[in-house]
Amino acid sequence: MNVANMICKDFEKNPTFGEYLCSYRWSDETIVYRITQQKFFEKCITLSWLMAVQDPEMYLDEDVKQGTNFDKDHYREYTKSGPLFLCSIWPALYLHKNGPLMIKGVAQACN
Numbered sequence: 067m068n069v070a071n072m073i074c075k076d077f078e079k080n081p082t083f084g085e086y087l088c089s090y091r092w093s094d095e096t097i098v099y100r101i102t103q104q105k106f107f108e109k110c111i112t113l114s115w116l117m118a119v120q121d122p123e124m125y126l127d128e129d130v131k132q133g134t135n136f137d138k139d140h141y142r143e144y145t146k147s148g149p150l151f152l153c154s155i156w157p158a159l160y161l162h163k164n165g166p167l168m169i170k171g172v173a174q175a176c177n
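According to the working numbering, the sequence shown holds residues 67 to 177 in order.
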């Protein structure tokens, strides 16, 4: 059994993740169950696991602060352009922390 299957099976035994999702007012147990039973969910778990077990592990840049200069070398603009960073839509992915950029992130820029 692969790691993703083991983790998905663990969700059935330990409902903490499901309870966390259900704590949002927009969700219910049926939706959480359907999400965790999807092949996409299994693939997300597999990908996350593979990124985490690398030595060193891959790095998602979540340290970009609102109001800092927009870095077009590491992020592409979402729906607006401008010189400043407003918020991250999807973080940039690096081979490891302080390593080479694997894929640009997506961020909202502002003036």
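We put the beta carbon where it would ideally sit given N, CA and C, even for glycine.
Discussion item. Taking the straight line between their C-alpha atoms, what separation do you get for Tyr119 and Leu126?
Written reply: Looking up residue 119 in the sequence shown gives position 53. Looking up residue 126 in the sequence shown gives position 60. In the sequence under discussion, the amino acid at residue 119 is Val, which differs from the Tyr named in the question. Looking at the two C-alpha atoms, the distance is approximately 14 Å.
Worksheet item: Is the stretch 104-117 in contact with the stretch 132-140, if contact means three or more CB pairs nearer than 8 Å?
Response: Contact fails: fewer than three Cβ-Cβ distances are below 8 Å.
Worksheet item: What are the boundary residues of the alpha helix (DSSP H) that Glu128 is part of?
Response: Taking the first residue of the sequence shown as 1, we reach residue 128 at position 62. That residue, Glu128, is in no alpha helix (DSSP H); it is neither H nor E in DSSP.
Worksheet item: Taking the alpha-carbon positions, what's the Tyr144 to Leu152 distance?
Response: Position 78 of the sequence shown, counted from the start, is the residue given in the question as residue 144. Position 86 of the sequence shown, counted from the start, is the residue given in the question as residue 152. Cα-Cα distance, rounded: 10 Å.
Worksheet item: Roughly how many angstroms separate the alpha carbons of Glu108 and Thr102, rounded to a whole number?
Response: Residue mapping note: residue 108 aligns to position 42 of the sequence shown, counting from 1. Residue mapping note: residue 102 aligns to position 36 of the sequence shown, counting from 1. Take the alpha-carbon of Glu108 and the one of Thr102: they are about 8 Å apart.
Discussion item. On the criterion of 16 or more Cβ atoms from any shown chain inside 10 Å, does Ile169 qualify as buried, or is it exposed?
Written reply: Along the sequence shown, one-based indexing puts residue 169 at 103. The residue is exposed, with fewer than 16 neighbouring Cβ atoms inside 10 Å.
Item to complete: Give the C-beta separation of Trp156 and Gly133 to the nearest angstrom, bearing in mind that I take them to be a contact with Cβ-Cβ under 8 Å.
Response: Looking up residue 156 in the sequence shown gives position 90. Looking up residue 133 in the sequence shown gives position 67. Their Cβ separation, rounded to whole angstroms, is 19 Å, which puts Trp156 and Gly133 out of contact at 8 Å.
Item to complete: Provide the residue(s) that pair with Gly171 in DSSP beta bridges, ordered along the chain.
Response: Taking the sequence shown and counting its residues from 1, one reaches residue 171 at position 105. Beta-bridge pairing by DSSP links Gly171 to Tyr141.
Practice prompt. Report all residues from its chain with a CB closer than 7 Å to the CB of Lys146; omit the five preceding and five following residues, and keep chain order.
Written response: Locating residue 146 in the sequence shown gives position 80, counting from the first residue. Annotation for Lys146: Gln174, Ala175 and Cys176 place their beta carbon closer than 7 Å to its own, counting only its chain and skipping 5 residues before and after.
Practice prompt. Answer with buried or exposed for Met67, where buried requires no fewer than 16 other C-beta atoms within 10 angstroms of its C-beta.
Written response: Sequence index remark: in the sequence shown, residue 67 carries index 1 (1-based). Because the pLDDT at Met67 is just 46, under 50, the model does not fix this residue reliably, and the value given afterwards should be weighed accordingly. Exposed, because fewer than 16 other Cβ atoms sit within 10 Å of the Cβ of Met67.
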